[in-house]
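In the working numbering, the protein residues as written are 1313 to 1405.
Backbone N, C-alpha and C define an ideal beta-carbon position, used for all residues, glycine too.
Notes for the one structure printed next.
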């Protein structure tokens, strides 16, 4: 999922999606310390989010909104199959 680039998000935003892993990727969470290997073809629910006032960053997907416990994978290593829930960084105008 990619939102149009703008200088800053007008509001807090998020995307929750079902994605398919395209290539193997090794990720380590911080708390608790855990290693996870994502494998090609695996389907997972992942999230992206950001606060109002900052440029939307959509170059990675996370397994959780708890950044310490999340495993992270670059956006170019996943294919978004279905957006389950989203709020755009743009104002509802």
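Around the Cβ of residue 1331, are there at least 16 other Cβ atoms within 10 angstroms (buried) or fewer (exposed)? buried
What's the gap between the Cα of residue 1347 and the Cα of residue 1364? 31 Å
Start-to-end residues for the beta strand (DSSP E) that takes in residue 1327: 1325 to 1333
To the nearest angstrom, how far is the alpha carbon of residue 1334 from that of residue 1322? 32 Å
Out of 1324, 1342, 1372, state which residue places its alpha-carbon closest to the alpha-carbon of residue 1359. Ranking the options by Cα distance to residue 1359, first place goes to 1372.
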